[in-house]
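Protein chains in written order, with the working numbering: chain A, 1 to 317; chain B, 1001 to 1317.
See the structure below:
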């Protein structure tokens, strides 16, 4: 069950005597938009303006809306702080609560994989469940390790789609990782960034999955994209205008490096990177400087590389 | 044929010694993106960043990109100036040239409709053709009237999807209007905003169309939406964050007025107003404060009203 506690937001609105607040909420919560607005407007004097464009995470703060609507506060649901911003933001992370965690099943899986020293990881909305599992595994005599990664990371064990530092930091000290969350993108990132076994436990349905097959498919796909990129003559460099994703300097640097190899390079900026916006553009290969999740799909059947993969290609051509 | 003269942009880039320029171009020109960038980068020292999100017109300036990319100049293709902005913009309107204009055909249509005093109107990219037709019709002894509408209007006779003032100002002085352009949204606006006959001449295929049927369909659809809105209990007010479309005060005022009638009202902000971003939200009727073109479609099968239509509804309930 998803617990949504907006008391913190209401307290902040009252404290600031905010007149206009901007609300950002993840796609999964959109069905609750009206209810959330009514709760806020019922308990404060603020008028709420809800941003309905899809939100990618805490890297995607509605700064333009804050300025243009002359708003006093941004309420950002579902994510923990990620990037510094001059605007006043209240982060309201979501929390999942589950009736029961089958610790014996987790124990069996870990033992099967010979993981005695286990690194615990989670998506931020499962942090309370991670703490519970940590306690349970310690009782069962596992060595449990948790680390707070780089600056973008808000709490111990948290990983982002673009940041696996909480895992990488303890890679050498553990036999394997247990990720707690309901998707595979984050633990897949860990599986790719480290050489250790990653098990993903989904507390919502009780399932545990070994990420090895996903990792193999992902790596094969990446090799495929890199191979196709070797023959590319015209590169399109993708930049997002989302504050926490925008890497202008990197994009200009990539352009320079591609051109140095006698190839063409064009920089494309988008708020929301979509295939349809790039239709009819004659590009052989895209290079993505925004959210790393974008490489999951090809764009209009053209390969998409992350910068590190481009460097690999450029070295070889 | 479409003529694209970017010399003005190149001159401005050189004059400003611009290092980074942002390029915005309409969907119809996207196929030429690479060519345009290469021409600019080949003749200047600037690096071009092309904004690939769809552009709605000159009301949609890439201000965020200008700031975030620390750019020196915005090159805005295909539209004339519409709104004031602190950023440095070079507008590069497009021009259509056609081999021959069948003036006799235009003359016959006007005479059939008993239009002797004709108000000339156009979309800005057809302004040169409008001037030619003006000359021709004068030779044929028509009384030709042209007016520059409100502040948003850049040249005599120009109409926008949201501004028919160039027509309204001379409505009483003419027997009817001749609109020159390749779509029907602009002349339909004129047909709805005035009581005069509107003929739309498309110089690209030589066709002339009487807008009376489109007007009737449009008006019937509007009545349908208004009738459905009469029973609505929950209203969603749509605001665009696009600089030239953002009407926050109006949105807050609409919310107040709707609530005064005992109905619920929620404000939704979007960059690009799309049905898919509003799915799963339980709204009976949307009110659009952004580009008036949005009311052309229902949103997730819910009626969409413009503010004036909402006022009509609120008066009756």
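Here a beta-carbon is modelled for each residue, glycine too, at the ideal position from N, C-alpha and C. Bear in mind the structure is a predicted one, so any value in this text is a computation, not a measurement.
### Query
Do residue 51(A) and residue 1269(B) have their C-beta atoms within less than 9 Å of each other?
yes
### Message
For a minimum of 4 consecutive residues, which ranges assigned as the alpha helix (DSSP H) are wholly contained in the segment 136 to 193 of chain A?
### Response
165 to 168, 185 to 193
### Query
Based on the DSSP secondary-structure assignment, which residues constitute the bridge partners of residue 75(A)?
23(A), 90(A)
### Query
Quick one, which of 1074(B), 1264(B), 1187(B) has its alpha-carbon nearest residue 1196(B)'s?
1187(B)
#### Entry: Residues that residue 282(A) contacts on chain B, provided the C-beta gap is smaller than 7 Å
1034
### Query
Are residue 1114(B) and residue 1210(B) closer than 9 Å when you measure CB to CB?
Not closer than 9 Å, so no.
### Task
Report the neighbours of residue 319(A) on chain B: residues whose CB is nearer than 8 Å to its CB, in chain order.
Beyond the ends of chain A as shown, which are 1 and 317, falls residue 319(A); an answer cannot be given.
### Task
Mind the definition here: the segment 294 to 306 of chain A touches the segment 265 to 283 of chain A only if three or more C-beta pairs lie below 8 Å; say whether that holds.
The segment 294 to 306 of chain A is in contact with the segment 265 to 283 of chain A.
### Query
When the cut-off is 9 Å and only beta carbons count, does residue 47(A) lie next to chain B?
yes
### Message
Closer than 8 Å between beta carbons: that is the criterion. Which residues of the segment 236 to 250 of chain A meet it against chain B?
### Response
239, 241, 243, 246, 248
### Message
DSSP three-state label for residue 1009(B), please.
### Response
Here residue 1009(B) sits in helix by DSSP.
#### Entry: Continuous beta strand (DSSP E) stretch holding residue 236(A): start and end
234 to 240
### Query
Which residues bound the beta strand (DSSP E) around residue 120(A)?
117 to 122
### Task
Compute the distance between the beta-carbons of residue 1147(B) and residue 1161(B), then report whether it is under 9 Å.
Going by beta carbons, residue 1147(B) and residue 1161(B) fall outside the 9 Å limit.
### Where residue 1219(B) sits in the DSSP three-state scheme
Reduced to three states, the DSSP call for residue 1219(B) is helix.
### Message
Give me the subset of the segment 85 to 102 of chain A whose CB atoms are less than 8 Å from a CB atom of chain B, sorted by chain position.
### Response
none
### Task
Excluding the 5 residues preceding and the 5 following residue 1257(B) in the sequence, name in chain order all residues of the same chain whose CB lies nearer than 7 Å to its CB.
1314
### Task
Would you verify that the beta carbon of residue 1154(B) is, or is not, closer than 9 Å to some beta carbon of chain A?
no
### Message
Going by the DSSP bridge assignment, what does residue 1198(B) pair with across the sheet?
### Response
1177(B)
### Task
Check whether the Cβ atoms of residue 304(A) and residue 285(A) sit closer than 9 Å, and answer yes or no.
yes
### Task
Find the residues of chain A that neighbour residue 1064(B), judging by a C-beta separation of less than 7 Å, and give them in chain order.
Within chain A, 64, 241 have C-beta atoms less than 7 Å from the C-beta of residue 1064(B), given in sequence order.
### Task
Locate the alpha helix (DSSP H) running through residue 311(A), then write down its first and last residues.
307 to 316
### Message
Please confirm whether residue 70(A) has its beta-carbon closer than 9 Å to some beta-carbon of chain B.
### Response
yes
### Task
May I ask you to list the residues that DSSP assigns as paired with residue 1049(B)?
267(A), 1022(B)
### Query
How would you list, in chain order, the residues of chain A whose beta-carbon sits under 8 Å from the beta-carbon of residue 1050(B)?
266, 267, 268, 269
### Message
Less than 9 Å between the beta carbons of residue 94(A) and residue 2(A), yes or no?
### Response
yes
### Query
Within 9 Å (strictly less), CB to CB, does residue 1012(B) reach chain A?
No, residue 1012(B) does not count as interfacial toward chain A.
### Task
Alpha carbon to alpha carbon, how far is residue 184(A) from residue 202(A)? Give it in angstroms, no decimals.
9 Å
### Task
Flag residue 1239(B) as yes when its Cβ comes closer than 8 Å to any non-hydrogen atom of the ligand PLP, and as no otherwise.
This structure lacks the ligand PLP; in fact it carries no ligand of any kind.
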